[in-house]
Every structure is written in structure tokens, then in C-alpha cells.
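Student: Have a look at this one before I ask anything.
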Amino acid sequence: VANGSFDADINGWSNSFVTAEWVNDDGAPISGNGSMRVTGTINNNGTFGMNSDVFPVQGGYWYLSAASFKTPAISVSERGLYFIEWYTNSNDFILRDSVDSVFGVDDDVWIELDGYLQAPDDAAFAVMRLFLQTGSPEQEDPPFGLWDDAVVLQETIFTGGFD
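Structure follows, in C-alpha cells:
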């Protein structure tokens, strides 16, 4: 995933339905410093987030994925989750895998999410989508949260030899 550490900016991430900005002084302990602050507009258990640029994958291979998020106490965000969406060489959607936290995570604490996912056999590309979920409908403040250390790495451990 391009620029998943957010050390200098949020290049490589986009979504036209939310506001996102680089935060230079609040990052997860793994990489420190920068993070991506995402602010949504939906307050009734809706999700909002940012999408990585498309990246190449190999069908059938296993991928280690991870991301860290934080929901500040003054935000109505209650949960973090991410999707890895797999696409064919023709850009046809195949499958969405998700990794998510429990609802009602601790405020002001960096939470690490990780998953071990296998790309479908016909996958050639993928996108990582980082989402936050809001609380109850009666909350009025705009929901927001921070993301950092988003990674997708191809598994390189060989268990059956090097043939």
C-alpha cells in the first residue's frame, strides 16, 4: 500500500465523500509522527473512510494486512475496520475481506487491527479501504478519527520448499 505510514502527507489515499487531512503530531507508536485524520458526515451507525490507490497482487497468495486507528474522546466514532477488495486483471470486483474491531473501542488509544488474507485465484489488483463507524443517530457532532500504519504485505514464508 502506498504511503500507509502517513509520515509526511496523505498522498495515495482518496474518497470524495469525506474530508481527510494530514496530522503531523499524532501517530501510532509503531511509526510515530504523522497520521491521516478522516471526518465523515453520517451519524447514524454509518461508516466513512478513505481508499488506497490500487496495488498489484498475485492470485492465490496470502497477504498480511494491518492498520492502526484512534477515535478521540470528542468524536462520535465507535469502531474501526478495513476492507481489502480484490479485483481481476479486467478490474472486475471479486470479493471483499474485512478486518474490524469491536464496537465501542477505548477513546484516545491507538488500536491495531491485523488480518491474514488470501487473494482469490483470479485476483490481480486490490484496494485497501480504511473505515470508521459512528455511534447512535442522536449524536450531532461530525464523526472523525485517525488512521496510521496501513500495510499489505505478501507472505513470503515457504512451507513446502523453494521449487
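Each residue of the sequence shown is one higher than the one before, starting from 3 at the first, in the numbering used here. Built from N, CA and C at the ideal position, the CB exists for glycine as well.
1. Can you give the Cα-Cα distance for Q135 and A121, rounded to whole angstroms?
2. So, is I32 buried or exposed, given that buried needs 16 or more other C-beta atoms within 10 angstroms?
3. Mapping the DSSP letters down to three states, classify T21 as helix, strand or coil.
4. Say whether the segment 13-28 touches the segment 49-56, bearing in mind that this needs 3 or more beta-carbon pairs closer than 8 Å, one atom from each stretch.
5. So, for A68: in the same chain, excluding its five sequence neighbours on each side, which residues have a beta-carbon less than 6 Å away from its beta-carbon?
6. For L155, count the other beta carbons within 10 Å of its own beta carbon; 16 or more makes it buried, fewer makes it exposed. Which is it?
7. In three-state terms, what does DSSP make of I12?
8. Identify, in the order they occur along the chain, each residue of the same chain with its Cβ nearer than 6 Å to the Cβ of V101, setting aside the five sequence neighbours on each side.
9. When the distance is taken between beta carbons, is S79 closer than 9 Å to D150?
10. Which word fits R81, buried or exposed, when buried means at least 16 other C-beta atoms lie within 10 angstroms of its C-beta?
11. Which two residues bound the contiguous beta strand (DSSP E) that contains F95?
Tutor: To lay it out plainly:
1. Q135 and A121: Cα-Cα distance of roughly 26 Å.
2. exposed
3. Judged by DSSP in its simplified three-state form, T21 adopts strand.
4. Pairwise C-beta distances place the segment 13-28 in contact with the segment 49-56, as three or more of them are shorter than 8 Å.
5. D116 and V153
6. It is exposed - the Cβ of L155 has fewer than 16 other Cβ atoms within 10 Å.
7. coil
8. Y84, L115 and G117
9. no
10. Of the residues assessed, R81 falls on the buried side of the cut-off, its CB having 16 or more other CB atoms within 10 angstroms.
11. F95 to D102
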